[in-house]
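J.: Numbering of the sequence shown is given in the working numbering, commencing with residue 37 and proceeding in unit increments.
Ideal Cβ placement from N, Cα and C applies to all residues, glycine included.
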Amino acid sequence: MTQAPVLAIDGPGGAGKGTICQLVAKKLGWHLLDSGALYRLTALAASKHGVALDNEESVAVLAKHLDVQFIPQDEGLVNTILEGEDVSLNIRTEEVGSMASKVAALPAVRQALLERQRDFAQSPGVVADGRDMGTVVFPDAPVKIYLTASAEERAKRRFLQLQEKGVDGDIEAILKDIQERDERDMNREVAPLKPAVDSLVVESTNMSIEQVLDVVMTELKRANLV
Ligand code: C5P
Numbered sequence: 037m038t039q040a041p042v043l044a045i046d047g048p049g050g051a052g053k054g055t056i057c058q059l060v061a062k063k064l065g066w067h068l069l070d071s072g073a074l075y076r077l078t079a080l081a082a083s084k085h086g087v088a089l090d091n092e093e094s095v096a097v098l099a100k101h102l103d104v105q106f107i108p109q110d111e112g113l114v115n116t117i118l119e120g121e122d123v124s125l126n127i128r129t130e131e132v133g134s135m136a137s138k139v140a141a142l143p144a145v146r147q148a149l150l151e152r153q154r155d156f157a158q159s160p161g162v163v164a165d166g167r168d169m170g171t172v173v174f175p176d177a178p179v180k181i182y183l184t185a186s187a188e189e190r191a192k193r194r195f196l197q198l199q200e201k202g203v204d205g206d207i208e209a210i211l212k213d214i215q216e217r218d219e220r221d222m223n224r225e226v227a228p229l230k231p232a233v234d235s236l237v238v239e240s241t242n243m244s245i246e247q248v249l250d251v252v253m254t255e256l257k258r259a260n261l262v
């Protein structure tokens with residue numbers, strides 16, 4: 037099924053997947069699939085069009101026809117344009133993240149985004165960041181990592197990440213949001229967040245970005261992909 041090599045990195049929000057995936061994609065010159073952005077964009081599109089987040093059929097139509105462009109900028113940054121509007125900052129808020137996890141629980145929405153995600157598997161390879169990359173979207177991926185960390189550590193990382201972007205955050209509110217999102221992502225019926233049976237689980241609470249990167253590169257070497 038898979039055309040080009042896939043590095044699937046799954047795990048809960050705030051575990052550092054985004055940072056690691058960007059670094060690896062840049063290092064290898066591979067494509068990057070930020071699947072969470074697709075769910076965030078779907079939620080934003082629903083709110084723009086006044087569609088209720090639990091209206092499965094209508095949200096799925098929006099997901100299927102998302103008018104989105106990802107425009108690469110310097111330093112690995114990407115500008116995200118939804119229906120002609122730059123939403124690069126809006127989609128990163130905790131509020132949109134929470135809305136995303138609601139639409140992500142709808143089976144028809146996940147189905148609508150499936151092919152769009154698989155299309156990213158182009159030569160020379162793709163680094164896929166999400167919740168179900170190794171379990172559902174790319175079950176044949178040669179390297180699967182499940183990157184996690186304690187909820188408290190993830191809240192701290194999210195808080196610092198927001199600060200860097202000049203966005204105000206309340207660490208207690210972020211922790212509560214992370215716990216609610218974990219609960220929803222892990223307990224939904226379709227594609228719940230869980231490690232693929234053939235994934236390497238990396239518990240990164242006490243690891244630096246460099247240490248996680250080393251583990252990922254070692255796995256890629258083991259699979260003869262680099
Ligand atoms: O990773 P990110 O925080 O951007 O994801 C936002 C939400 O989208 C997650 O909380 C999750 O509910 C959903 N998601 C998903 N499957 C993916 C990626 C994200 O359900 N592959």
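When you compare each of K138, G49, A164 and Q197 to L80 by their alpha carbons, which one comes out closest?
T.: K138
J.: Under 8 angstroms, do A40 and F174 count as touching if we go by C-beta distance?
T.: no
J.: Compute the Euclidean distance between the alpha carbons of C57 and E93, then round it to the nearest angstrom.
T.: 32 angstroms
J.: Assuming H101 contacts V162 under a Cβ cut-off of 8 angstroms, what Cβ separation, rounded to an integer in Å, is found between them?
T.: No, H101 and V162 are not in contact; Cβ-Cβ is about 23 angstroms, not under 8 angstroms.
J.: Below 8 angstroms, can you find three or more Cβ-Cβ pairs linking the segment 148-157 to the segment 119-136?
T.: no
J.: Around the C-beta of M37, are 16 or more other C-beta atoms found within 10 angstroms, so that it is buried, or is it exposed?
T.: With a pLDDT of only 48 at M37, under the threshold of 50, the placement of this residue in the model should not be trusted; the figure read from the coordinates follows. By the 10 Å Cβ count, M37 comes out exposed.
J.: Once you ignore the five residues that flank R217 on each side, which residues in its own chain have a CB closer than 8 angstroms to its CB?
T.: P48, G49, G133, S134 and S137
J.: Where in the segment 201-242 do unbroken runs of the alpha helix (DSSP H), each at least 4 residues long, occur, reported from the N-terminal end onward?
T.: 207-223
J.: If you drop the 5 nearest sequence neighbours on each side, which residues of the same chain put their C-beta closer than 7 angstroms to that of P108?
T.: V114
J.: Which residues does DSSP list as the beta-bridge partners of T184?
T.: E239
J.: What would DSSP say about V172, mapped onto helix, strand or coil?
T.: helix
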